[in-house]
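Residue numbers (my numbering), protein chains in the order written: chain H, 384 to 601; chain F, 384 to 601. Note sheet for the following structure.
Number of protein chains: 2
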Amino acid sequence: MGRMKVLNSPTIRRMPCYLHQLTRLRLEGQSHISTTELAKDTATELIVVRKDIALTGAKGRRRIGYEINELIAKIKDYLGWDEMMSATLLGVGSLGSAILGYDEFALYGLRIESVFDSDPEKIGKVIRSHEVYDIASIKQRLGYSTPDIAIICVPAANAQEVAELLVEVGIKFIWNFSNITLKVPEGVVVQREVIAGGLAMLSVKRKHYKSGDLKNIE
Amino acid sequence: MGRMKVLNSPTIRRMPCYLHQLTRLRLEGQSHISTTELAKDTATELIVVRKDIALTGAKGRRRIGYEINELIAKIKDYLGWDEMMSATLLGVGSLGSAILGYDEFALYGLRIESVFDSDPEKIGKVIRSHEVYDIASIKQRLGYSTPDIAIICVPAANAQEVAELLVEVGIKFIWNFSNITLKVPEGVVVQREVIAGGLAMLSVKRKHYKSGDLKNIE
Chain H
384 MGRMKVLNSP TIRRMPCYLH QLTRLRLEGQ SHISTTELAK DTATELIVVR KDIALTGAKG
444 RRRIGYEINE LIAKIKDYLG WDEMMSATLL GVGSLGSAIL GYDEFALYGL RIESVFDSDP
504 EKIGKVIRSH EVYDIASIKQ RLGYSTPDIA IICVPAANAQ EVAELLVEVG IKFIWNFSNI
564 TLKVPEGVVV QREVIAGGLA MLSVKRKHYK SGDLKNIE
Chain F
384 MGRMKVLNSP TIRRMPCYLH QLTRLRLEGQ SHISTTELAK DTATELIVVR KDIALTGAKG
444 RRRIGYEINE LIAKIKDYLG WDEMMSATLL GVGSLGSAIL GYDEFALYGL RIESVFDSDP
504 EKIGKVIRSH EVYDIASIKQ RLGYSTPDIA IICVPAANAQ EVAELLVEVG IKFIWNFSNI
564 TLKVPEGVVV QREVIAGGLA MLSVKRKHYK SGDLKNIE
């Protein structure tokens, strides 16, 4: 089966920033926005914002700009955030807890419905309003109502084993925060989150900066 | 002052995955690797791996592949990870703790040398082998020995204020995990980490998947 590359990842990754800012402005009662203003508010280059927004299909009007409500709807539609996604979270160490505490996910249509861990100290406790279930009970708990996505926050040493349980339960989309490449059957999609990726970006910018290549880096 | 775009962010963000895998193989005693093997091990398309590795300047040999030691050195050089970077971390909530606990940073040349928080419950405590200092003491503590980068993990409401303190102390590179756009003077570089960016990627893949556009998505 062939693999196709159709995703413009930098654009997709920027969308939540726009959404965050637009939602904030809407709360403040603002109804329209120009790409110039959105670029300034999100510290993004104007040409980049214009290209990104064009991809969503939103239409701006000369001198009036974009209707914020419409722009929010278009971005959500572009990202598939126009409908709710249910999720299960595996591993409530510090990273898992941080993710559970990330209030904006609700805004993005993500609902974390269950939380699992294997640590007897955590099982049965309530962490950030979620009761922690024993990972041994995952098939029984999720078997008849499979969440849309799973978020893996367990240590690298346990991640493959957990991924296999998730596949057995019928999960098709995995957001992997563990620092390993998961082996999954064809048809299961893994989004790997590499925290060091951001450090790599910052580091390359610093390298260019020090060598005088760039004065100000996007 | 003009802004220049010279960074290939998807490539840069993938480099830590290669580095992670190569370091692991080296530990296991392997001396050479082909791009085919590296592509498989990191679940990345072969053509992508080939382009990425070519950018580092590493030279492979027909039928033998790349010398792992050389490839690691070339990737580190490409990322500016060939020398140590000192860091200070602001905010030790769950996310800050997770970052403190990320052992691989040492491998990437990042050394977190100081940790600050404003919570009296945390100040003076030792979290993951780091004593937590009062953020009010930041100028006094960092004024004469400015770290290379700062990692902001404080809540969004406090992030701008913390960024201003960092700028006063002379920090030029900020890794921002708070969910806001920081306003900083020209010459200060901010790398914003948008956790929802990965969710956006996964969500778009799911959208394409559901609509039958893609069977298997990179």
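Backbone N, C-alpha and C define an ideal beta-carbon position, used for all residues, glycine too. All values derive from a computational prediction rather than experimental measurement.
is_contact[residue i, chain F] using C-beta, thresh 9 Å
i	result
H:T419	no
H:A519	no
H:P399	yes
H:G553	no
H:Q404	yes
H:T425	yes
H:G580	yes
H:Y491	yes
H:I482	yes
Residue i to residue j span [Cα, whole Å]
i	j	result
F:G385	F:R589	Low local confidence applies: a pLDDT of 38 at F:G385 is under 50, so the model's placement there is unreliable, with the coordinate-based value given in what follows. Distance between the alpha carbons of F:G385 and F:R589 is about 38 Å.
H:A441	F:L585	22 Å
H:K593	F:A481	29 Å
F:V473	F:E420	Looking at the sequence shown, residue 473 of chain F is not Val but Leu. Looking at the two C-alpha atoms, the distance is approximately 39 Å.
F:V431	F:I447	20 Å
F:K388	H:H591	For F:K388, the pLDDT reaches just 49, beneath the cut-off of 50, and the residue's location in the model is therefore unreliable, although a value from the coordinates is still provided. So the two alpha carbons sit approximately 11 Å from each other.
H:H415	H:Y449	5 Å
F:I534	F:G479	9 Å
F:V587	F:D460	33 Å
H:R433	F:L582	22 Å
H:N541	F:I510	24 Å
H:L390	F:I436	21 Å
H:I455	F:H513	42 Å
F:P538	H:I554	32 Å
F:K522	H:S497	43 Å
H:A470	H:K508	19 Å
H:G580	F:R445	30 Å
H:K566	F:K505	40 Å
H:R396	H:L402	11 Å
Neighbourhood of residue i by C-beta distance below 6 Å, restricted to the same chain and skipping five residues each side
i	result
H:R577	Per the sequence shown, the amino acid found at residue 577 of chain H is Val instead of Arg. Excluding residues within five positions, none has a Cβ falling inside 6 Å.
F:G443	Y449
H:M398	I458 and L462
F:W464	Y491 and G492
F:G570	none
Backbone secondary structure at residue i - three-state DSSP
i	result
F:V572	strand
H:E496	strand
F:I534	strand
F:S541	A quick correction: the sequence has Asn, not Ser, at residue 541 of chain F. Residue state, collapsed to three classes: helix.
H:I482	helix
F:Y516	strand
H:A470	strand
F:V475	coil
F:V509	strand
F:R444	strand
F:M387	Below a pLDDT of 50, predicted positions are generally treated as unreliable, and F:M387, at 44, falls in that range; the measurement from the model is reported next regardless. In the structure shown, F:M387 sits in a strand (DSSP, three-state: E or B).
F:Y461	helix
H:S594	coil
F:P503	coil
H:A583	helix
H:A546	helix
F:T564	coil
H:T605	It is not possible to answer for residue 605 of chain H, since the shown part of chain H is limited to 384 through 601.
Residue-chain proximity (residue i, chain H), Cβ-Cβ < 9 Å
i	result
F:E487	yes
F:P503	no
F:N562	yes
F:F556	yes
F:Y461	yes
F:E576	yes
F:S469	no
F:I436	no
F:N599	With a pLDDT of 44 at F:N599, under the threshold of 50, the modelled position of this residue cannot be trusted; read the value that follows with caution. Cβ-Cβ to chain H under 9 Å: yes for F:N599.
F:Y516	no
F:M455	In the sequence as presented, Met is not what sits at residue 455 of chain F; that position holds Ile. Chain H contact via Cβ: absent.
F:L585	yes
F:L390	yes
F:S497	no
F:H513	no
F:G494	It should be noted that the sequence gives Arg, not Gly, for residue 494 of chain F. False, the Cβ-Cβ gap to chain H never drops below 9 Å.
Strand pairing of residue i, partner residues [DSSP]
i	result
H:R450	Arg is not the amino acid found at residue 450 of chain H; the sequence shown has Glu there. Partner(s): H:H415.
F:N559	F:I535 and F:R575
Own chain residues within Cβ distance below 7 Å of residue i, not counting five before or after
i	result
F:M467	G492 and R494
H:F556	D531, I532 and V572
H:G476	C536
H:E453	A441
Neighbourhood of residue i by C-beta distance below 8 Å, restricted to the same chain and skipping five residues each side
i	result
H:T612	As shown, chain H starts at 384 and ends at 601. That puts residue 612 of chain H outside it, with no answer to give.
F:I518	L473, F499, D500, S501, V545 and L548
F:R438	In the sequence as displayed, the identity of residue 438 of chain F is Leu instead of Arg. Closer than 8 Å at the Cβ level, and outside the excluded window around F:L438, lie N391, T394 and Y461.
H:L405	I416, L421, I451, L454, I455 and I458
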